[in-house]
Amino acid sequence: MSWRERFGMSGPPLPKGATGETFFDQSPHFWRLARVFDWLTAEPGIGVVTGEPGVGKTSAMRHLCRALPLHEHRVLYLADTNVKPQDLYRMLAAELGLRPGHRAQIVRDIKSALVTLVDERGVVPILVLDDAQALRDDVLHELHGLTCLDFDAREFLTLWLVGHLRLERRLRLLQHSALAQRVVAYVQLSATSDPALFGAMLDHALTAASAPPDLVTPDAREMLLRASRGIPRLVSHLLRISLILADERGHGPIDGSIVHTATVLLHLEHSTPNVMPPSKPRTERGPRSRG
């Protein structure tokens, strides 16, 4: 018997591919991202999403993109971003169904394909570059050229740069000012550290997974928040391991002891720092050696 059968669950809480009903969309940070996403879907431009690892940047973008009408939008997603400009153009061309060629030809073909999508088919192209903090400086230098055509009179592409917090710091550098000036909005996603909001997220995750309402005890909930610091990815890992441990022990709700064991297995326990003993006053020290 697996934990799914034991607890009558349809799947893990906070799954990796959360979207639709399994995605928690009640965070104020997500609401701001959703508003900006709507703006840039209607009026093409550049948006930047940042946050520490695991807070749900990619999940949020996936949830928003999959809710778009397919006949009105073309979403292009690239995550292998630590590449040269030529390689990025090749990957983008492949996503657009174009044949690879030399650099100048690829760039012309990409721009021509974007114009065709917008002017002839009425489709809004949206390019999402994930792990954008790894983009090389020469790639960042060229990105703004993809978003505008026709003597810089029109923007044919909505570009989303999604990455860790240092992405925003890099865009502030003088060498990237041409790109930064085209950014319409910056959105930062944060961990769900507020206890009430964390509780709502956990309740939503358990309900979406068809879990029993009393599956996680109050002390286990507090420990989940403390150990994960409200980072959804860590909450997901802790819950999945806790479910496995509860199933192995053959008994019901996930309590604090189970979450503690999961925390240790994931190396998330807070270790006690080594404290140096205070030095003795000079009067208590032994006699100095006069050699």
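Just so you know, we're using my numbering here: the sequence shown kicks off at 1356 and counts up by one.
The C-beta atom is built at its ideal place from N, Cα and C for all residues, glycine as well.
Since the model is a prediction, treat every value here as computed from it, not as a measurement.
Selected residue, minimal CA-CA separation from residue i, among the options
i            : options                : result
residue 1574 : 1608, 1588, 1602, 1555 : 1608
residue 1323 : 1603, 1530, 1587, 1578 : The requested residue 1323 does not occur in the structure, where the chain is confined to residues 1356 to 1646.
residue 1400 : 1537, 1477, 1581       : 1537
residue 1530 : 1557, 1554, 1499, 1551 : 1499
residue 1572 : 1559, 1612, 1560, 1394 : 1612
residue 1483 : 1443, 1473, 1520       : 1443
residue 1450 : 1427, 1480, 1474       : 1480
residue 1398 : 1524, 1540, 1381, 1378 : 1540
Contacting residues, own chain, Cβ-Cβ under 6 Å from residue i (five flanking each side not counted)
i            : result
residue 1628 : A caution first: residue 1628 carries a pLDDT of 40, below 50, which makes its placement in the model too unreliable to give a value.
residue 1623 : 1582
residue 1587 : 1369, 1411
residue 1522 : 1405, 1487, 1488
residue 1533 : 1499
Sequence-distant residues of its chain with Cβ nearer than 8 Å to residue i (five each side left out)
i            : result
residue 1437 : 1486, 1489, 1490, 1491
residue 1453 : 1461, 1464, 1465, 1468
residue 1419 : 1388, 1389, 1392
residue 1358 : 1364, 1598, 1599, 1601, 1602
Helix, strand or coil at residue i according to DSSP, with G and I counted as helix
i            : result
residue 1390 : helix
residue 1624 : coil
residue 1405 : strand
residue 1360 : helix
residue 1370 : coil
residue 1398 : coil
residue 1365 : coil
Cβ-based neighbour list, residue i, same chain, cut-off 7 Å, excluding 5 preceding and 5 following
i            : result
residue 1440 : 1493, 1494, 1497
residue 1415 : 1385, 1388, 1544
Notebook entry, point to check: Is there contact here, the stretch 1542–1552 with the stretch 1410–1429, by at least three beta-carbon pairs under 8 Å?
Noted result: Counting C-beta pairs closer than 8 Å gives three or more between the stretch 1542–1552 and the stretch 1410–1429, which meets the contact rule.
Margin query: Report the start-end ranges of each alpha helix (DSSP H) in the stretch 1412–1494 that is 4 residues or longer and not cut off at the edges.
Written below: For the alpha helix (DSSP H) assignment, the uninterrupted runs of no fewer than 4 residues enclosed by the stretch 1412–1494 are, from N- to C-terminal side, 1412–1421, 1440–1450, 1458–1470.
Check: Counting Cβ pairs closer than 8 Å, one from the stretch 1553–1568 and one from the stretch 1360–1376, do we hit at least three?
Finding: Output reads yes: the stretch 1360–1376 touches the stretch 1553–1568.
Margin query: Taking contact to mean 3 or more Cβ pairs, one atom from each stretch, closer than 8 Å, check whether the stretch 1511–1529 and the stretch 1448–1463 are in contact.
Written below: Taking a cut-off of 8 Å on C-beta distances, the stretch 1511–1529 does not touch the stretch 1448–1463, as fewer than three cross pairs fall below it.
Notebook entry, point to check: What are the start and end residues of each continuous beta strand (DSSP E) run of 3 or more residues lying completely inside the stretch 1513–1592, in chain order?
Noted result: If one requires a minimum length of 3 residues, the beta strand (DSSP E) runs lying completely within the stretch 1513–1592 are 1513–1518, 1538–1543, in chain order.
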